[in-house]
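Number of protein chains: 2
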Amino acid sequence: MYQSKLFTKTIREAPRDEQSINAILLERAGFIHKEMAGVYSFLPLGLRVLRKIEAIIREEMNKIAGQEISMTVLQPKRLWEETGRWSGQLGREVMYKTGHGKGEVGLGPTHEEMLTSIIKGYVQSAEDLPLYVYQIQTKFRKEPRARSGILRGREFGMKDLYSFDKSLENFKKYYQKVKKSYLTIFKECGLEAIITEASGAGFTKEYTHEFQVLADSGEDEIIYCPSHDFSQNKEIAKVKAGDQCPVCGRKLKKGKSIEVGNIFPLGTKYSEALKAFFKNKDGQEKPIIMGCYGIGTSRLLGTVVEIHHDKNGIIWPLSVAPFQVHLLALDLTKERVATKVAQVAEEIYQNLKKEGIEVLYDDRQNKSAGEKFVDADLIGVPWRLVVSERTLSQDSLEIKERSREDKEIVNIKQAVKHLKEKIKT
Amino acid sequence: MYQSKLFTKTIREAPRDEQSINAILLERAGFIHKEMAGVYSFLPLGLRVLRKIEAIIREEMNKIAGQEISMTVLQPKRLWEETGRWSGQLGREVMYKTGHGKGEVGLGPTHEEMLTSIIKGYVQSAEDLPLYVYQIQTKFRKEPRARSGILRGREFGMKDLYSFDKSLENFKKYYQKVKKSYLTIFKECGLEAIITEASGAGFTKEYTHEFQVLADSGEDEIIYCPSHDFSQNKEIAKVKAGDQCPVCGRKLKKGKSIEVGNIFPLGTKYSEALKAFFKNKDGQEKPIIMGCYGIGTSRLLGTVVEIHHDKNGIIWPLSVAPFQVHLLALDLTKERVATKVAQVAEEIYQNLKKEGIEVLYDDRQNKSAGEKFVDADLIGVPWRLVVSERTLSQDSLEIKERSREDKEIVNIKQAVKHLKEKIKT
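Taken in order, these protein sequences are the chains called A and B.
The numbering used here numbers the first residue of the first sequence as 451 and each following residue consecutively.
The numbering used here numbers the first residue of the second sequence as 451 and each following residue consecutively.
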C-alpha cells in the first residue's frame, strides 16, 4: 500500500506511560493504540501482523483435526455456577461481570464451561469422540498488573483449543500431537519455545506444560537445559541452575521467559460438573476426558517484538511481517529527479504486487531520505528497497535486509525477480 | 470436509425457545448455538458462512479506500463522558458497564468516541484527510427485546466504517460511494436492499439512510416504491401506501422489512466534542466532518436465512454457502455395494477438492438415504451430488440444485468438470 495513504504515522518519542519494549516500539511505529492499561486497539499495520499469526495458528490447528468455531464473550452465570467457578477465585477476581440479578453475566476469561455445554448436546456414544474444537477469539481478564504492553492484556486475543476424548490413552496421544504443533507454530513465528513443566493448578496431579521463550523482559523464570530437553517453571522446580539435567546430564541454566502457550490436561473436571457423558461399548455412561490448549495471539505478537528488535526498531520475521517489502522512493523533493524516481518506484511497486509480494511503498513527497530510513527501521519490514537519484544513475536499486548491515545493488531489470527469489525461499 | 467428522448434528425438532425462522433453521442445522437470549455462538458451519460474508464486506471496504483496524470492546468512561454519551440514553440504557469507580468501563455498542480519539493523534493538516477506517468486530447492546434470533443480538458481529473528511462536499461524495458499495455487498450476499430514508436521530437535520430488505419477519416497516427509487421508514414517512411515488409516480407500497445496514452523517458532533481538528490552508483549526456506516454481519447472515429458505431448510446463495457442494454417498449400509460407492465418492471428493471446490462429503456409514437427503435440505448447500447403487449402475452421478426440483444425471467422468463450470459461472 501507499504509505502516504496509511493513516498512522510514526512517533519519535517513547510514550510516557509505557515501560515495555513491545508497547513502546509497537505504539511508536503505529501498530497499536493504547486505550487504557492492558487494553490495546490494533491499527492497520498491527492488524496485518495479528492476522498472519492467526493464519499460522489456524493452519496448524486444522492439521490436527481442529474444528473452528467462535463462542461468545458473554457467559451465562448458570454454567459457571455448575462448575463452581462463578464464586471461585477465577470468577471473583479475574472475570469481569456485568448486568444485575438474573441478568448478570460474565465476560469470558476462558471457555471450558461454554464449550463443554455446547458439545454435550452432540455427543451420545463413543463413536462421537474424539472431538477437537478451537476458536480464535477475544478474552477478558482483570489483570492486577498490566504493565507489559500486549504481553499481559485485560482484553486480548487468544486461540483456545479443547480436546474431548473417550480414553486417557487417546487423550495422551493428542496431547503429544499438540505439543509438536505448538513448536511448529512458534518456530514459524520466529520464536524458539522451550517446553516447560508447570503446576497442574490443583486439578491434575501431573504437570501441565508451558511454552516459554527466553527473554529478559519475561515475567516467568525457568530452570532449563541448554538442549531444551528439560525445563521447569521455577515455581515448581526441584532443581536449580548448575544442577545436572535429569535427561542429558548437561548443566541447567536459569532464565527469564515469556509464556507464549500452555497445554493442560483437564481430566473429567468439567465433563462431570456439566454432565458431558458418553455411552461406552458396554452401554455405561462415562465422562468425557478433556484437555485445553491456549496461545495468546496478541501476546505472541508482543513476544515477537521483544525478541526481534534493535535500538532502531522492530525486525519482523518474514512470516509475520506486516509487509514483505518496504519500497522507499527518495529525492522526491528534488525537482530535477522527482518525476523519474517516482515513475521508476511506481513501476517497481506494481511489478512487485503483480508477483504477489506485499509492499509498503513510501511515496511520501515531503519526507527526507533520513526520515524515511528512520521510519523504515522502526516499522521493521524485512526487505528494504531504495530508489533514489544515486541508484538510478547506475540503473539500479538498493536492497537491504532489515536484520543485516550490508546492502546489495541490483540492476533495475533484475530487481523484482531477484527479490522474489529471496522472499519465496 | 467429511461429515462424519463434523461435530455438530442436525436436530429434528425446532428449539422450544425460538420463534424466528433464522434461529430455528440455523440451530436445527447446527450453524449456531444459543447461549442466552440474543447471544449465539457460531459453530463450524455458521462460522464458515460468517467468514464469507465478512470477506465480501472487506473486499468492498478496501475498494473504497477503507483501512482495516480492530478496536477494543472495553471503552474508557472518560471518552464517553467527553461526548456526553456515558450518561445519555445510549450509555444508560444500551451500554453494558463493568468495573467500579475509576475502573468502570463500558462494552462498546459503537466506536465513534474511540476511533475519533485514535485518529486525532494522526491528523494535523488538511493533507492528512480524508481518512476512511473500518473494523469487523463484536458489539454489545442491552436489547430489551431479543426474540429475533441473530437479527437482534445482545452480542453481535458488526462492520463499522467511519469517514473523516475536510469538507462537506468531499463527505457527500464519499457517502454516495458507500451507498453504492453497500448495494453491491447485499446483492453479493443474495439480498435486494432498498435504500430508505430514516430519522437523523437528532443530530443531523438531513435524513440518514437505512438499507432495508423486505421480509415478513422484519421489525421495521417501510413505505416504498416498487422501482426502489424511493423509500421511507414508516417512522418518518409523510407518504402512505397507495400514494404516488414522488420520484417516478408509481403507486407506493407498504412492507415489513429488516434493516441490514445504515449510513449516517455525523457532522462535527464527535470531532468537536473530542477536539479532533485539522488546520486548513489558511491555518485555521476546523473540526473534521464525519460519517459512520454500519452493517451487522451476524444480522446479515440471519437475514439471508429469512429470505432464502423453504419448509425443508436453508437455501444458501453460492456466495455465502458454508460449502459449495454437498456430496452424498448412499447405500453404505448395503454390504454388496458399500465399498464401491465409498470408493467412487471418495474419488469424486478428492477431485472436487483438487479443483478448489468446497465440499461437505456425507460419508456417514449408518444413515439412510432418507436421513441424508433431509439433512442436506436442512443444511442448504447449493449443489447436491449423489453417488448411489442406482447411479453407479449407470456409471453416473445425480446433480441437483438446492433451489430447484429437477435433477440431472451426469456421467461420472464428466461430473467434476461439469459441476466446476456451473459453480464458476
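Where is the CB? At the ideal position from N, CA and C, for every residue including glycine.
Just so you know, these numbers come straight off a predicted model, no measurement behind them.
If you look at A/Gln-844, you'll find it isn't in any alpha helix (DSSP H); DSSP assigns it neither H nor E. Looking at the DSSP output, B/Gln-682 shares a beta bridge with B/Glu-647, B/Ile-673.
In this structure, B/Ser-575 places its C-beta atom within 7 Å of the C-beta atom of B/Lys-729. Only buried fits B/Asn-683, as 16 or more other CB atoms lie within 10 angstroms of its CB. In the DSSP annotation of this structure, A/Asn-816 is not part of any alpha helix (DSSP H), being labelled neither H nor E.
Residues of the segment 738-749 of chain B with a Cβ closer than 9 Å to any Cβ of chain A: none. In terms of beta-carbon proximity, B/Glu-858 stays away from the interface with chain A, with every pair separated by 7 Å or more. Residue state for B/Leu-493 is assigned as coil, using DSSP reduced to three classes. About 6 Å separates the CB atoms of A/Gln-585 and A/Asp-610; that is less than 8 Å, so the two are in contact. The beta carbon of A/Val-697 lies closer than 6 Å to those of Asp-679, Phe-680 in the same chain, with the five residues before and after it left out.
For A/Thr-548, a Cβ of chain B is located within less than 7 Å of the residue's own Cβ. Taken in chain order, the unbroken stretches of alpha helix (DSSP H) that lie wholly in the segment 691-735 of chain B and span 4 residues or more are 719-723. If you draw a 10 Å sphere on the C-beta of B/Gly-599, you find 16 or more other C-beta atoms in it, and that means buried. Here A/Lys-804 is exposed, its C-beta having fewer than 16 other C-beta atoms within 10 Å. Under the DSSP assignment, A/Glu-485 falls in the beta strand (DSSP E) whose first and last residues are 482-486. Neighbours of A/Glu-605 in chain B, taken as residues at a C-beta separation under 8 Å, are given in chain order as Thr-522, Val-523, Leu-524.
Here A/Asp-812 carries a strand assignment [DSSP, helix/strand/coil]. Under the 7 Å criterion on CB atoms, B/Ser-470 is classed as non-interfacial with respect to chain A. Around B/Phe-457, the beta-carbon contacts reaching into chain A at under 7 Å are Gln-517, Ile-569, Tyr-572, Leu-581, Val-583. For B/His-776, no chain A residue has a Cβ inside 7 Å of its Cβ, as the nearest lies near 18 Å away. Nearest Cα to B/Thr-460 within the set B/Gln-469, B/Asp-467, B/Ile-471, B/Leu-495: B/Leu-495. Annotation: the continuous alpha helix (DSSP H) that includes B/His-868 extends over 862-874. Counting the other CB atoms within 10 Å of its CB gives A/Lys-502 a total of 16 or more, which places it among the buried residues. The three-state reading of DSSP puts A/Asp-578 in helix, counting H, G and I together.
Ranked by Cα distance from B/Glu-709, the options B/Leu-633, B/Tyr-490, B/Leu-810 are led by B/Leu-633.
Within the segment 513-540 of chain B, the complete beta strand (DSSP E) runs of at least 3 residues fall at 524-526. In chain order, Ile-519, Ser-520, Met-521, Thr-522, Met-564, Ile-568 make up the part of chain A whose C-beta sits under 8 Å from the C-beta of B/Ser-491. For B/Ser-846, the closest alpha carbon among the candidates B/Ser-853, B/Arg-854, B/Arg-852, B/Val-837 is that of B/Val-837. Annotation: A/Arg-604 is outside any alpha helix (DSSP H) and is labelled neither H nor E by DSSP.
For B/Met-486, a Cβ of chain A is located within less than 7 Å of the residue's own Cβ. Your pair B/Phe-606 and B/Lys-589 checks out as a contact, with CB atoms roughly 6 Å apart and the cut at 8 Å. Using a 10 angstroms sphere on the CB of A/Glu-554, the tally of other CB atoms stays under 16, which defines it as exposed. With the rule of 3 Cβ pairs closer than 8 Å, the segment 464-484 of chain B does not count as touching the segment 796-812 of chain A. Here the segment 478-492 of chain A makes contact with the segment 819-833 of chain A; the two share three or more CB pairs at distances below 8 Å.
Pairing B/Gln-662 with B/Ile-673 gives a Cβ-Cβ distance that is not under 7 Å.
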